[in-house]
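Visitor:
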Amino acid sequence: MNKIKHTATETIANGKRVEIADDTAQTKKSFLTLPFDPMGTIENILLDMKAKQEERKKTFGRIHNHEFDDYVYVREDEARYRVDWVARAFKEFLKKNDLRVIRLHDLRHT
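Okay, so the sequence shown: first residue is 15 according to the numbering used here, each after it adds one.
1. What residues are listed by DSSP as bridge partners for D36?
2. Out of K105, K110, K72 and F104, which has the shortest C-alpha to C-alpha gap to E92?
3. L108 and V100: beta carbons closer than 7 Å?
4. Pull up the distance between the alpha-carbon of K110 and that of H119, whole angstroms please.
5. Check each candidate in L61, G29 and F82 and name the one with the smallest Cα separation from D36.
6. What are the boundary residues of the alpha helix (DSSP H) that includes R70?
7. Go through its chain and collect everything with a Cβ distance to V88's Cβ below 6 Å, but skip five positions before and after it.
8. Is A101 close to the ligand GDP? I mean its beta-carbon at under 6 Å from any heavy atom of the ligand.
9. Using three-state DSSP, classify A101 as helix, strand or coil.
10. Nearest CA to the CA of I56: which residue from H78, V86 and A27?
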């Protein structure tokens, strides 16, 4: 089983939003282990994403943003997605479809 041990958290420091990325966590349970499927579908998707990222690096050369080269899932401008991106997109989806707005975390309890 492949493991990615990395955390990204968000906090406010001096009135500004700050993201903190680290390869450690407060507890062992803070890490999520996802098994890759036996057919390799997820692995192939991630490898394809990384290949596209490498292609953009070659295309843009020195002007390429290398800050998040260790990340696979980055935006097309090579910036890392914000920590709360999924939660914000989920909330927008609910509003757009006239559904009751709940926190993404609340799905764990349904």
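Ideal placement from N, C-alpha and C gives every residue a C-beta, glycine not left out.
Here the structure is a predicted model, which means the values were calculated and not measured.
Guide: Per the coordinate set shown:
1. Counting from one through the sequence shown, the residue named residue 36 turns up at place 22. Answer by DSSP bridge pairing, in chain order: T21.
2. Taking the first residue of the sequence shown as 1, we reach residue 92 at position 78. E92 has its Cα closest to that of K72, out of K105, K110, K72 and F104.
3. Reading the sequence shown from its first residue, position 94 is the one you call residue 108. Reading the sequence shown from its first residue, position 86 is the one you call residue 100. For L108 and V100, no; Cβs fall outside 7 Å.
4. Here residue 110 is taken as the residue at index 96 of the sequence shown, counted from 1. Here residue 119 is taken as the residue at index 105 of the sequence shown, counted from 1. Roughly 19 Å separates the two Cα atoms.
5. In the sequence shown, the residue the question calls residue 36 occupies position 22. If we check each option's Cα against that of D36, F82 comes out closest.
6. For this step, residue 70 is matched to residue 56 along the sequence shown. Note, R70: alpha helix (DSSP H), T55 to F74.
7. Walking along the sequence shown from the start, residue 88 turns up at place 74. Taking C-beta separations shorter than 6 Å and ignoring five residues to either side along the sequence, the partners of V88 in its chain run F82 and R94, following chain order.
8. Here there are no bound small molecules, and the ligand GDP is not part of this structure.
9. Your numbering for residue 101 matches position 87 in the sequence shown. Here A101 sits in helix by DSSP.
10. On the sequence shown, position 42 is the one that residue 56 refers to. It is V86 whose Cα lies nearest to the Cα of I56.
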